[in-house]
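Q: Take a look at this one; I'll ask things after.
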Amino acid sequence: MNDVSHATTRALVLRLMAKDVYLNRQTMFAALIGGLASLIIASTSGIGYSIGSISFITTMMAFGVVLAMFSIAQERKDRSGMFVLSLPLAPMDYVRAKLLGTTLTYFIPWSVLSAGAVLVIPLTPLPDGAMPMTVLLLVYFLLTFSVMALVALLVSSEAKTTLAIIATNMSLTFFMFGISRIHGIGWGLDRKETPTWSGSFFAVLAAELAVIAITFAIPMCFNLRKKEFL
Amino acid sequence: MIATTPAIELRGIHKAFRFFTLQEVSLELSPGQIMGFVGPNGAGKSTTIRILMGLLTADAGHVRVLGRAMPQEQALAKRDIGFVSDDMRLFGNATLAWHMKFVERTYAKWDSRYAAQLLSRFNLQAEQPIKGLSRGEHVKALLLLVLARRPRLLVLDEPTSGLDPVARQEVLSELMDVLQDEDRSILFSSHNTADVERISDQITFIDRGRIVDSRDKETFLERWRRIELHVRDGVKLPDVPSVVDVNGTGRVATVTTNYYTPELHRIYERAGVEIHEVQRMSLEEIFVANVMSSRKERAR
Numbered sequence: 000m001n002d003v004s005h006a007t008t009r010a011l012v013l014r015l016m017a018k019d020v021y022l023n024r025q026t027m028f029a030a031l032i033g034g035l036a037s038l039i040i041a042s043t044s045g046i047g048y049s050i051g052s053i054s055f056i057t058t059m060m061a062f063g064v065v066l067a068m069f070s071i072a073q074e075r076k077d078r079s080g081m082f083v084l085s086l087p088l089a090p091m092d093y094v095r096a097k098l099l100g101t102t103l104t105y106f107i108p109w110s111v112l113s114a115g116a117v118l119v120i121p122l123t124p125l126p127d128g129a130m131p132m133t134v135l136l137l138v139y140f141l142l143t144f145s146v147m148a149l150v151a152l153l154v155s156s157e158a159k160t161t162l163a164i165i166a167t168n169m170s171l172t173f174f175m176f177g178i179s180r181i182h183g184i185g186w187g188l189d190r191k192e193t194p195t196w197s198g199s200f201f202a203v204l205a206a207e208l209a210v211i212a213i214t215f216a217i218p219m220c221f222n223l224r225k226k227e228f229l
Numbered sequence: 000m001i002a003t004t005p006a007i008e009l010r011g012i013h014k015a016f017r018f019f020t021l022q023e024v025s026l027e028l029s030p031g032q033i034m035g036f037v038g039p040n041g042a043g044k045s046t047t048i049r050i051l052m053g054l055l056t057a058d059a060g061h062v063r064v065l066g067r068a069m070p071q072e073q074a075l076a077k078r079d080i081g082f083v084s085d086d087m088r089l090f091g092n093a094t095l096a097w098h099m100k101f102v103e104r105t106y107a108k109w110d111s112r113y114a115a116q117l118l119s120r121f122n123l124q125a126e127q128p129i130k131g132l133s134r135g136e137h138v139k140a141l142l143l144l145v146l147a148r149r150p151r152l153l154v155l156d157e158p159t160s161g162l163d164p165v166a167r168q169e170v171l172s173e174l175m176d177v178l179q180d181e182d183r184s185i186l187f188s189s190h191n192t193a194d195v196e197r198i199s200d201q202i203t204f205i206d207r208g209r210i211v212d213s214r215d216k217e218t219f220l221e222r223w224r225r226i227e228l229h230v231r232d233g234v235k236l237p238d239v240p241s242v243v244d245v246n247g248t249g250r251v252a253t254v255t256t257n258y259y260t261p262e263l264h265r266i267y268e269r270a271g272v273e274i275h276e277v278q279r280m281s282l283e284e285i286f287v288a289n290v291m292s293s294r295k296e297r298a299r
């Protein structure tokens with residue numbers, strides 16, 4: 000393809016990404032409202048913090064699952080993906096547009112809510128030492144979303160997708176339990192008044208980002224070899 | 000691209016699935032021609048169309064559409080292809096107006112005036128969400144989106160399937176209008192031979208993953224005949240190569256030929272068989288007889 004063709008394809012990929020944001024605007028809005036309400040509740044002390052935190056975690060996890068299911072799996076199921084594949088682009092461009100579009104749709108509320116979650120800590124009586132764990136948890140939401148998006152892109156079986164939803168939800172419990180026991184992240188530091196950015200924190204963060212990068216790379220490589228796109 | 004380049008060129012296409020195989024499929028569609036692609040359910044029509052659209056990759060064979068190699072050059076080829084399939088859906092949460100705007104931004108040749116005409120002709124409401132459309136309205140919306148961008152090739156995979164008679168009539172009438180543009184080619188797949196007979200000038204029959212026959216519609220209609228014969232006692236029907244089916248016993252027999260000529264009369268008369276009636280066949284009868292004789296041939 001020449002430069003003009005590349006530019007045309009790029010423009011179409013961008014339009015498809017914008018399409019995903021537009022079609023999922025209500026889900027994004029609901030996640031933002033739910034997440035912000037949870038943060039307000041969490042910024043109160045005592046029981047409010049517990050209720051708000053649980054509600055916030057549930058909102059972030061549910062948003063990722065709903066988005067992966069409705070934006071990716073549903074498009075395949077209701078055959079609207081066939082309409083997109085009739086447009087002047089290659090299936091690989093479609094996969095790229097779908098992955099980037101859905102990620103952008105998740106990323107917009109995620110970044111707003113993550114900024115809100117990070118701001119809540121210094122602005123409220125909550126101990127600032129909880130900051131590193133909060134950051135790792137927020138990145139973990141992005142990680143579980145990327146895993147769900149990967150599953151929705153590659154797996155057409157509803158049973159396997161349900162299994163993946165259960166697994167990613169359960170993994171959060173293990174993740175929180177795990178990092179709270181790591182010296183330099185949890186282990187009492189979350190109750191201190193100043194955050195500690197230890198080597199363990201950066202190691203876990205790097206691992207999370209690596210997993211996210213891999214989950215993004217897999218559909219690109221897998222679909223290059225895939226011969227059937229419907 | 001010069002005008003003589005075939006709109007569609009499939010050569011020796013082979014595609015194997017677990018329970019179905021497309022074998023040695025070859026077909027060619029010239030610019031300005033309308034090909035009816037007819038076959039029973041599960042014959043391989045949609046598989047062939049998905050291969051030519053680049054959505055499936057053949058195990059063997061060559062595909063060129065509008066002079067572009069598929070699936071490698073599909074992004075370029077699809078700029079001039081309008082594809083509608085019976086299982087294709089628009090985005091339920093968006094309106095038709097949103098889809099029209101989306102397609103308009105994608106295709107430079109989008110004709111807004113023609114789109115408005117089609118909207119009125121198909122009695123569609125641009126601001127209505129897609130999820131509120133009936134099946135017929137959905138098909139008409141899809142056709143509007145491809146016709147208004149004036150593609151050089153239309154690939155329609157069972158577009159009239161599931162439509163009520165009025166909606167089908169509207170869709171077919173619009174397609175007839177589109178045919179006025181002599182440079183536009185159409186591949187129209189269906190198992191409804193009445194629709195195909197109405198708009199096509201070339202017909203290809205496919206059955207069980209193989210092309211059974213392919214030629215222009217008039218040749219099919221001219222060559223195929225059903226002949227009622229009176230056979231005297233003790234007279235044996237002669238073997239005629241063009242006869243694909245013989246029915247009846249005793250004094251009355253009906254034969255179906257795929258190559259009717261006056262010579263056939265002489266052959267039967269010489270054998271002492273009287274021709275009682277020669278009937279023209281509808282495309283549906285030709286299709287069924289063609290498929291059945293092909294199956295018998297393969298079973299031998």
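Going down the list, the protein sequences come from chains E and Y.
0 is the number of the first residue of the first sequence in numbering that gives the first Met the number 0; add one for each residue after it.
0 is the number of the first residue of the second sequence in numbering that gives the first Met the number 0; add one for each residue after it.
Each residue gets a CB set at the ideal place from its N, CA and C atoms; glycine is no exception.
#1: To which residues of the same chain is residue 247/Y closer than 7 Å at the C-beta, ignoring the five residues directly before and after it?
#2: Mind listing the chain Y neighbours of residue 81/E? Cutoff is C-beta to C-beta under 9 Å, in chain order.
#3: Listed from N- to C-terminal order along the chain, which residues in the stretch 50 to 78 of chain E have their beta-carbon within a distance smaller than 7 Å of any beta-carbon of chain B?
#4: Can you tell me whether DSSP reads residue 25/E as helix, strand or coil?
#5: Between the stretch 85 to 119 of chain E and chain Y, which residues of the former have a C-beta closer than 9 Å to a C-beta of the latter?
#6: Return the chain-ordered list of same chain residues with a C-beta closer than 6 Å to the C-beta of residue 23/E, the five sequence neighbours on each side being excluded.
#7: By the DSSP assignment, the beta strand (DSSP E) with residue 124/Y in it spans what residues?
#8: Taking the beta carbon of residue 73/Y as the centre, do at least 16 other beta carbons fall within 10 Å, making it buried, or is it exposed?
#9: Report the residue from 153/E, 115/E, 156/E whose alpha carbon sits nearest the alpha carbon of residue 39/E.
#10: Who are the near neighbours of residue 121/Y in its chain, counting only those whose CB is closer than 7 Å to its CB and skipping five residues on each side?
#11: For the stretch 54 to 76 of chain Y, list every residue whose C-beta sits within 7 Å of some C-beta in chain E, in sequence order.
#12: Have a look at residue 29/E and residue 91/Y and give me their C-alpha separation to the nearest angstrom.
#13: Alpha carbon to alpha carbon, what distance is there between residue 212/E and residue 150/E?
#14: Establish whether the CB of residue 0/Y and some CB of chain E are separated by less than 8 Å.
#15: So which of 159/E, 67/E, 155/E, 87/E has the shortest CA-CA distance to residue 6/E?
#16: Give a yes or no on whether 8 Å exceeds the smallest Cβ distance from residue 14/E to chain Y.
#17: My output table needs one value for residue 82/Y: the three-state DSSP class, helix, strand or coil.
#18: Report the CB separation of residue 132/E from residue 179/E in whole angstroms; it is logged as a contact under 8 Å.
#19: Can you name the residues of chain Y whose CB is closer than 8 Å to the CB of residue 8/E?
#20: Suppose you measure from the CA of residue 138/E to the CA of residue 15/Y; what does that come to, to the nearest Å?
#21: From residue 282/Y to residue 97/E, what does the alpha carbon distance come to, in whole angstroms?
#22: By the DSSP assignment, the alpha helix (DSSP H) with residue 297/Y in it spans what residues?
#23: Between which residues of its own chain and residue 143/E is the CB-CB distance below 6 Å, once the five residues before and five after are set aside?
#24: Is there at least one Cβ from chain E nearer than 8 Å to residue 187/Y's Cβ?
#25: Against chain E, does residue 105/Y count as a neighbour if the rule is that its beta carbon must be under 8 Å from one of theirs?
#26: Nearest-angstrom Cα distance between residue 64/Y and residue 31/Y?
#27: Using beta carbons (cut-off 8 Å, strictly below), is residue 92/Y in contact with chain E?
#28: Are the beta-carbon atoms of residue 387/Y and residue 222/Y separated by less than 8 Å?
#29: Would you please state the rounded distance, in angstroms, between the beta carbons of residue 250/Y and residue 230/Y? I believe it to be under 8 Å.
#30: Any idea what DSSP makes of residue 156/E, helix, strand or coil?
#31: Would you list the residues sitting across from residue 213/Y in a DSSP beta bridge?
#32: By DSSP, does residue 181/E sit in helix, in strand, or in coil?
#33: Put residue 209/E into one of helix, strand or coil per three-state DSSP.
#34: Could you tell me the distance, in whole angstroms, from the CA atom of residue 166/Y to the CA atom of residue 174/Y?
#35: Note down the Cα distance separating residue 182/E from residue 164/E, rounded to an integer number of angstroms.
#36: Please look up how many angstroms separate the CB atoms of residue 195/Y and residue 202/Y, rounded, as I've assumed it's under 8 Å.
A: This is what the structure holds:
#1: Cβ neighbours of residue 247/Y beyond the five flanking positions: 253.
#2: The answer, in chain order, is 54, 82, 84, 86, 87, 88.
#3: Reference to chain B is not applicable here, since the protein chains of this structure are E and Y.
#4: Three-state result, residue 25/E: helix.
#5: Listed in sequence order: 85, 86, 87, 88, 89, 90, 92.
#6: Annotation for residue 23/E: 70, 104 place their beta carbon closer than 6 Å to its own, counting only its chain and skipping 5 residues before and after.
#7: Unbroken run through residue 124/Y: none, as it is neither H nor E.
#8: So residue 73/Y counts as buried.
#9: Comparing Cα-Cα distances from residue 39/E to each of 153/E, 115/E, 156/E, the minimum goes to 115/E.
#10: So the list reads 139, 143, 169, once near-sequence residues are dropped.
#11: For the stretch 54 to 76 of chain Y, residues whose beta-carbon sits nearer than 7 Å to a beta-carbon of chain E comprise 54, 55, 56, 73, 74, 75.
#12: Looking at the two C-alpha atoms, the distance is approximately 19 Å.
#13: In this structure, the CA atom of residue 150/E is about 15 Å from the CA atom of residue 212/E.
#14: Below a pLDDT of 50, predicted positions are generally treated as unreliable, and residue 0/Y, at 46, falls in that range; the measurement from the model is reported next regardless. Residue 0/Y does not count as touching chain E.
#15: Of the candidates 159/E, 67/E, 155/E, 87/E, the one whose C-alpha sits nearest the C-alpha of residue 6/E is 87/E.
#16: Chain Y, which has a Cβ nearer than 8 Å to the Cβ of residue 14/E, makes this yes.
#17: Of the three classes helix, strand and coil, the one that applies to residue 82/Y here is strand, per DSSP.
#18: Your pair residue 132/E and residue 179/E checks out as a contact, with CB atoms roughly 7 Å apart and the cut at 8 Å.
#19: Neighbours of residue 8/E on chain Y, chain order: 74.
#20: A direct Cα-Cα distance of roughly 44 Å separates residue 138/E from residue 15/Y.
#21: CA-CA distance, residue 282/Y to residue 97/E, rounds to 44 Å.
#22: Element bounds for residue 297/Y: 282 to 298.
#23: Here the set comprises 63, 167.
#24: Chain E contact via Cβ: absent.
#25: Contacts with chain E at 8 Å (Cβ-Cβ) include residue 105/Y.
#26: Taking the straight line joining both Cα atoms gives about 14 Å.
#27: At least one beta carbon of chain E lies nearer than 8 Å to the beta carbon of residue 92/Y.
#28: Absent from the structure is residue 387/Y, since the part of chain Y shown begins at 0 and ends at 299.
#29: In this structure residue 250/Y is in contact with residue 230/Y, their Cβ atoms being roughly 6 Å apart against a cut-off of 8 Å.
#30: Residue 156/E: coil per DSSP, three-state reduction.
#31: Per the DSSP secondary-structure output, residue 213/Y pairs in a beta bridge with 203/Y.
#32: Looking at residue 181/E - three-state DSSP - the assignment turns out to be coil, as it is neither helix nor strand.
#33: Reduced to three states, the DSSP call for residue 209/E is helix.
#34: Straight-line Cα distance between these residues: approximately 12 Å.
#35: The straight-line gap from Cα to Cα measures roughly 30 Å.
#36: Yes, residue 195/Y and residue 202/Y are in contact; Cβ-Cβ is about 7 Å, under 8 Å.
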